Amino acid sequence: MVVRYNGSFSGEHGDGQARGELLPRMFGAELMDAFREFKTIWDPHWKMNPGKVINPYRNDENLRLGTSYNPPSPKTRFTFSGDKGSFPCASLRCVGVGNCRGDLKGTMCPSYMVTHEERHSTRGRAHMLFEMFQNDVLTGGWNEKAVRESLEYCLSCKSCKGECPMHVDMARYKAEFYYHYYKWRPRPVDAYTMGLIYWWSRLASRMPKVANFVLQKPVISSLVKFMGGISTKRDFPAYAEQTFKEWFQQREPVNPDGQMVVLWADTFNNHFYPEIGKAAVKVLEGAGYRVHVPPESLCCGRPLFDYGMLGLARRLLQRVINVLRPYIRAGVPVIGLEPACLSTFQDELVDLFPHDQDAQRLSKQSYLLGKFLEEKADDYSPPKLNRKAVVHGHCTHKAVLKMEGETKLLKDLGLDFNVLDSGCCGVSGAFGFRRKNYDMSLDIGGRVLIPAVKKAEKDTLVIADGFSCREQIAHTTDREALHLAQVILIAMQEGEDGPGGEYPERKYMERPRHGR
25 MVVRYNGSFS GEHGDGQARG ELLPRMFGAE LMDAFREFKT IWDPHWKMNP GKVINPYRND
85 ENLRLGTSYN PPSPKTRFTF SGDKGSFPCA SLRCVGVGNC RGDLKGTMCP SYMVTHEERH
145 STRGRAHMLF EMFQNDVLTG GWNEKAVRES LEYCLSCKSC KGECPMHVDM ARYKAEFYYH
205 YYKWRPRPVD AYTMGLIYWW SRLASRMPKV ANFVLQKPVI SSLVKFMGGI STKRDFPAYA
265 EQTFKEWFQQ REPVNPDGQM VVLWADTFNN HFYPEIGKAA VKVLEGAGYR VHVPPESLCC
325 GRPLFDYGML GLARRLLQRV INVLRPYIRA GVPVIGLEPA CLSTFQDELV DLFPHDQDAQ
385 RLSKQSYLLG KFLEEKADDY SPPKLNRKAV VHGHCTHKAV LKMEGETKLL KDLGLDFNVL
445 DSGCCGVSGA FGFRRKNYDM SLDIGGRVLI PAVKKAEKDT LVIADGFSCR EQIAHTTDRE
505 ALHLAQVILI AMQEGEDGPG GEYPERKYME RPRHGR
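First residue of the sequence shown: 25, per the working numbering; consecutive thereafter.
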């Protein structure tokens, strides 16, 4: 019918192979002969892309999958519920569009943006996983070193999930592959230093001065970092002498009759930067809420996913569900401050616990502070702050959680701000701390973020909610980025014009970072 009405049954895509055998019906013999003559002039030996358009393969041959496609059905830790419960099926999400090969805007794919190598793109990694399951070109299965080497420079930023039209989630694929690859072999040493940071931080909180002496004293810290697989050039944040949870437990209740919210005290803001948690408490209490911080020691397990420690991560998340269950079932909102941690509740959690209704509820009633205040807080009107600001969005914030709520709140604050199209900061959890990744980390951050912060006027606020992002900014510039909670607190305490002078953020830091 399409041919009868002189129509086209393909729109450029699909001409070459999928409908190549049918093209003579649409173009006619004379035009097909002209195509053939033209190709012969430029490609007399028919070496370039043979079997497409002219003398094409039949519709039922040279297929990527075909009727013989029968991949294995490996048992996995993730359920891959969105891909028929199959990791091989998930690896087929990539259809080769190549959005991940851009380097001018967006975040996907950070490693490709600096190496420009196909194996460091989302597409290249997805195809290698596909080949691994085919057991043809790559025959090592879960022990395939070529796949491990390709995934080694994946920052687990999840930008592919947010920006790829097929929502390829390479961070999840990497975690699953690493789980199997390292099942019977030791992991890199940094997996036990950075991956287990929750436990190291709990230990350090008992003797923070000793921990800081070891981590900050030049010679000793360099030795410790080297032995732990961490770059000796990378600064390590100092542990707070009093954790955020310890501070909160010593306070008198505020707004006892107000609506309850649970504030999630993640490892980073609890142990390293409690001032951010304190700011969030004051902001929420200022909005009339009764804040509850669970006293139990909890962790979402986010650092463990980067190293494939999925069994351990699942146990931590199970404990989170058990402790928060009464609040979850009562419909109490759970508010997070660290985007990477909160994205775990809305992403990995539901795939690891697909049949746990409390896990599903937690994913739906957990919010970052900005989104909660903007979209869920009734009658909340933020204070005004007449300042300029440079805003950098955390990768998983942009990819999984989205930043619309935060940007709207920033507008309501009255800020004159610019959200940088800065891609990934380059640290991305443990990635930028690893010794072998240090240079790549700076190259990634140096594309947009670092130059933009250096160019910002000294009375301009620098805003970044992510721990990793703030560490990169502090490490490479003379600025300290503020969390959104601190920005709102500035408006509450300082008024519309905010603090005077240069470097306004330093007034809201409890102590100098990195020994400054």
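From the three backbone atoms N, C-alpha and C, an ideal C-beta is built for every residue, glycine too.
Computed from a predicted structure; not experimentally measured.
Buried versus exposed call for Y222 [16 or more other C-beta atoms within 10 Å across all chains shown]: Counting Cβ neighbours within 10 Å, Y222 comes out buried, since at least 16 surround it.
Three-way DSSP call (helix, strand, coil) for S390 in this model: Look at S390 here: in three-state DSSP terms it is strand.
Touching by the beta-carbon criterion (3+ pairs, under 8 Å), the region 289-303 and the region 367-375: Contact fails between the region 289-303 and the region 367-375, because fewer than three Cβ pairs, one in each stretch, are under 8 Å apart.
Does F329 come out as helix, strand or coil in the three-state DSSP assignment? Correct three-state label for F329: helix.
Assuming L433 contacts K408 (C-beta within less than 8 Å), just tell me the rounded distance between them. Rounded, the Cβ-Cβ distance is 12 Å, inconsistent with contact.
With a 10 Å radius around its C-beta and 16 neighbouring C-beta atoms as the bar for buried, classify I359 as buried or exposed. That one is buried.
Stretch pair the region 209-221 + the region 117-135: three plus CB contacts closer than 8 Å: The answer is no - the region 117-135 does not touch the region 209-221, with fewer than three Cβ pairs under 8 Å.
What residue from A498, N442, K460 and C493 has the CA that sits closest to T544's CA? Nothing about residue 544 can be reported from this structure: the residues present for the chain run from 25 to 540 only.
So, with DSSP's three-state summary, where would you put A515? If DSSP states are grouped into helix, strand and coil, A515 belongs with the helices.
Alpha-carbon to alpha-carbon, A413 and E520: For E520 and A413, the distance between alpha carbons rounds to 14 Å.
Considering just the uninterrupted stretch of the alpha helix (DSSP H) at L287, what are its terminal residues? Here L287 belongs to no alpha helix (DSSP H); instead the beta strand (DSSP E) covers M284 to L287.
Please report the Cβ distance between S255 and F455, rounded to the nearest whole angstrom; I am assuming they are in contact, meaning their Cβ atoms lie under 8 Å. At roughly 11 Å, the Cβ-Cβ gap does not stay under 8 Å, so S255 and F455 are not in contact.
Who does N442 pair with in a DSSP beta bridge? In DSSP, N442 forms a bridge with V414.
What residue range is occupied by the uninterrupted beta strand (DSSP E) comprising G469? In this chain, G469 is not harboured by any beta strand (DSSP E); it is covered by the alpha helix (DSSP H) spanning Y462 to G469.
Please report the straight-line C-alpha distance between P68 and S34, rounded to a whole angstrom. Going by the C-alpha atoms only, they are around 27 Å apart.
Does the beta carbon of G126 come closer than 8 Å to any beta carbon on chain B? Protein chain content of the structure displayed is limited to a single chain, and chain B is not contained in it.
As an exercise, report each continuous alpha helix (DSSP H) stretch of at least 4 residues that is fully enclosed by the region 48-105, in chain order. The region 48-105 contains these whole alpha helix (DSSP H) runs: 53-66.
Label I468 either buried or exposed according to how many other C-beta atoms from any shown protein chain fall within 10 Å of its C-beta, with 16 as the threshold for buried. I468 is buried by the Cβ-count criterion.
On a Cα-Cα basis, can you pick out the residue from L361, V119 and L506 that is closest to L89? Cα-wise, what sits closest to L89 is V119.
Please return the same chain residues whose Cβ sits closer than 6 Å to the Cβ of R101, not counting the five positions on each side in sequence. For R101, the CB contacts under 6 Å within the same chain, skipping 5 residues up- and downstream, are Y203 and L334 in chain order.
Decide yes or no for the touch test of the region 224-239 against the region 348-359: beta carbon pairs closer than 8 Å, at least 3 of them. Contact between the region 224-239 and the region 348-359 is absent, because fewer than three Cβ pairs lie under 8 Å.
Reduced DSSP secondary structure (H/G/I, E/B, other) of R540: Note that R540 has pLDDT 42, beneath the 50 cutoff, so the model's placement of it is unreliable and no number is given.
Measure from the alpha carbon of L153 to the alpha carbon of each residue in D371, L439, L116 and V415, then state which is nearest. For the set D371, L439, L116 and V415, the Cα lying nearest the Cα of L153 is the one of L116.
Quick one, are the C-beta atoms of S492 and S446 less than 8 Å apart? For S492 and S446, no; Cβs fall outside 8 Å.
Would you be able to state if there are at least three C-beta pairs under 8 Å between the region 185-202 and the region 322-339? The region 322-339 vs the region 185-202: in contact.
Of all the options I474, A509, A515 and E518, which has the alpha carbon lying nearest to the alpha carbon of H499? Cα-wise, what sits closest to H499 is I474.
For a quick check, are the C-beta atoms of T420 and A364 less than 8 Å apart? Going by C-beta atoms, T420 is nearer than 8 Å to A364.
What's the gap between the Cα of S390 and the Cα of D281? Whole-angstrom Cα-Cα distance: 22 Å.
Is V27 helix, strand or coil by DSSP? Residue state, collapsed to three classes: coil.
Run the CB neighbour count on R540, radius 10 Å, all protein chains shown included, and call it buried at 16 or more, exposed below. Here the model assigns R540 a pLDDT of 42, short of 50, so the residue's position is not dependable, and the following value carries that caveat. Answer is exposed; the Cβ neighbour count stays below 16.
With H, G and I counted as helix, E and B as strand and the rest as coil, what does DSSP make of G40? Three-state result, G40: coil.
What is the DSSP secondary structure of L485, counted as helix, strand or coil? L485: strand per DSSP, three-state reduction.
Going by C-alpha distance, which of D403, V305 and A289 is nearest V22? Residue 22 lies beyond the stretch modelled for the chain, which goes from 25 to 540, so this question has no answer here.
Could you please give me the residues that DSSP links to V315 through a beta bridge? Partner(s): V285.
Rounded separation between L425 and S367 - CA only: Cα atoms of L425 and S367: separation of roughly 6 Å, rounded to the nearest angstrom.
So, at 7 Å on beta carbons, what are the nonlocal neighbours of Q283 in its own chain, with the 5 sequence-adjacent residues on each side left out? Excluding five sequence positions before and after Q283, the CB atoms of its chain that fall closer than 7 Å to its own CB belong to Y313 and R314, given in chain order.
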